[in-house]
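Colleague: Quick note on the numbering used here: the sequence shown kicks off at 16 and runs consecutively. We put the beta carbon where it would ideally sit given N, CA and C, even for glycine.
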Amino acid sequence: MKNILVIGSTGQIGSELTVRLRGLYGGAHVVAGYVHGAEPVGELLEGGPSAVCDVTDGEGLARVVRQYSVDTVYNLAALLSVVAELKPRLAWKIGVDGLWNVLEVARESGLSVFTPSSIGAFGPGTPPDHTPQDTIQRPRTIYGISKVTMELISDYYHMRYGVDTRGVRFPGLISYVTPPGGGTTDYAVDIYYSAVRGETFSCPIAKGTYMDMMYMPDALNACVRLMEADPARLLHRNSFNVTAMSFDPDEVYHAIKALCPDFKMEYQVDAVKQAIASSWPNSLDDTCAREEWDWQPHFDLPAMTADLISRLRQRGV
Ligand code: AKB
Numbered sequence: 016m017k018n019i020l021v022i023g024s025t026g027q028i029g030s031e032l033t034v035r036l037r038g039l040y041g042g043a044h045v046v047a048g049y050v051h052g053a054e055p056v057g058e059l060l061e062g063g064p065s066a067v068c069d070v071t072d073g074e075g076l077a078r079v080v081r082q083y084s085v086d087t088v089y090n091l092a093a094l095l096s097v098v099a100e101l102k103p104r105l106a107w108k109i110g111v112d113g114l115w116n117v118l119e120v121a122r123e124s125g126l127s128v129f130t131p132s133s134i135g136a137f138g139p140g141t142p143p144d145h146t147p148q149d150t151i152q153r154p155r156t157i158y159g160i161s162k163v164t165m166e167l168i169s170d171y172y173h174m175r176y177g178v179d180t181r182g183v184r185f186p187g188l189i190s191y192v193t194p195p196g197g198g199t200t201d202y203a204v205d206i207y208y209s210a211v212r213g214e215t216f217s218c219p220i221a222k223g224t225y226m227d228m229m230y231m232p233d234a235l236n237a238c239v240r241l242m243e244a245d246p247a248r249l250l251h252r253n254s255f256n257v258t259a260m261s262f263d264p265d266e267v268y269h270a271i272k273a274l275c276p277d278f279k280m281e282y283q284v285d286a287v288k289q290a291i292a293s294s295w296p297n298s299l300d301d302t303c304a305r306e307e308w309d310w311q312p313h314f315d316l317p318a319m320t321a322d323l324i325s326r327l328r329q330r331g332v
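Shown next as structure tokens:
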């Protein structure tokens, strides 16, 4: 039986992953880690233990690990790309200094660690189409620079100390539960809320800008499946390309319009977001994840759009 700590349990991924893990391993075995100001509520609070867990406080982290006999950590603490550009030092403190704390506790206590990377770990010099697993990574954002650093340090801890570190490069994640905050791909979530509310959507990303995307149920499967994978099969560790679909604003607009015929979108391109989006790949090649741990997404754009719109309507958004 695993004892899991989810760091960042109240964030976009954490709020759903914690619930999924409690369903799989039992509520008592999954600790919802949070920072002050982002306390868990509802199912997250009631479904199992929770504890203050700030990655920038290594001793506090070690205490939580000891108290709950943790053996596996999902380290989801991070600032997303647009916010990180506004607060580069904080992005580094959480994404890199915080990672050192997690990895040190992992080395001392024999923990397995999952840390997500991102399509943001690539840059303008990366081959943009069918981006290979192993390729040029020269990102121009502090978010990307901290993600590449995270990938390298995580691999270093595996090679040097045998720490079981694993991760995926997530594309834009789309969910109807907890909204993202401060990402470049957030438009692909916001557009669905506008459609269901009957509002005209003002799109900050230009037509023709393709990025990889994924529906949250597939993202949760990726986290669990990779951490359950047979280590003998893993030729890579940090971090695997994974994708489910690639679209530009026009394609997602038309997918929504097929179900909401009155929906309207206009473009008001945001220069900061557009510069970041243009520096990221159009589509990743995730063959290594498919071959090494049987990664397979279930939702494409039409399937996600139908499910998401009906769920948002059910929730009365
Ligand atoms: C962001 O846009 O910053 C994130 C990501 C793709 O890593 N959603």
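Is residue 315 near residue 259, with beta carbons less than 8 Å apart?
Modeller: yes
Colleague: Could you tell me whether the Cβ atoms of residue 90 and residue 59 are closer together than 8 Å?
Modeller: no
Colleague: Determine whether the beta carbon atoms of residue 255 and residue 303 lie at a separation below 8 Å.
Modeller: yes
Colleague: For residue 85, name the three-state secondary structure that DSSP assigns.
Modeller: coil
Colleague: Check whether the Cβ of residue 137 sits closer than 7 Å to any heavy atom of the ligand AKB, and report yes or no.
Modeller: no
Colleague: Counting only runs of 4+ residues fully inside the segment 204-270, write out the alpha helix (DSSP H) ranges in chain order.
Modeller: 231-243
Colleague: What distance in whole Å lies between the Cβ atoms of residue 73 and residue 116, which are believed to be in contact at a cut-off of 8 Å?
Modeller: 4 Å
Colleague: May I ask whether a heavy atom of the ligand AKB can be found less than 7 Å away from the beta carbon of residue 158?
Modeller: Within the cutoff, so yes.
Colleague: Report buried or exposed for residue 227, applying the criterion of at least 16 other Cβ atoms within 10 angstroms of its Cβ.
Modeller: buried
Colleague: Hey, would you say residue 71 sits closer than 8 Å to residue 128, going by beta carbons?
Modeller: For residue 71 and residue 128, no; Cβs fall outside 8 Å.
Colleague: Here's a check: name, in chain order, each residue in its chain whose Cβ is nearer than 6 Å to the Cβ of residue 143, leaving out the five neighbours to either side.
Modeller: 296 and 297
Colleague: What did DSSP end up calling residue 315 once you bin it into helix, strand or coil?
Modeller: coil
Colleague: Leaving out the 5 sequence neighbours to the left and right, which residues in its chain are closer than 7 Å to residue 45 when beta-carbon positions are compared?
Modeller: 19, 21, 33, 36, 37 and 63
Colleague: Nearest-angstrom Cα distance between residue 216 and residue 287?
Modeller: 19 Å
Colleague: The ligand AKB and residue 26: does any heavy atom of the ligand fall closer than 7 Å to the residue's C-beta?
Modeller: Incorrect: residue 26 has no Cβ contact closer than 7 Å to the ligand AKB.
Colleague: Less than 8 Å between C-beta atoms, sequence neighbours within five positions excluded: which residues of the same chain meet that for residue 122?
Modeller: 172, 176 and 178
Colleague: Which value, in whole angstroms, describes the spacing of the CA atoms of residue 262 and residue 225?
Modeller: 5 Å
Colleague: Exposed or buried, which one is residue 43 when buried takes at least 16 other CB atoms within 10 Å?
Modeller: exposed
Colleague: With a threshold of 8 Å between beta-carbons, can residue 82 be considered close to chain C, or not?
Modeller: The question asks about chain C, but that chain is absent: this structure has only one protein chain.
Colleague: Going straight from the alpha carbon of residue 359 to that of residue 253, what length do you get?
Modeller: The structure shown does not extend to residue 359, since the chain is modelled only from 16 through 332, so no value can be given for it.
Colleague: Identify the residues that DSSP records as bridge partners of residue 21: which are they?
Modeller: 47 and 89
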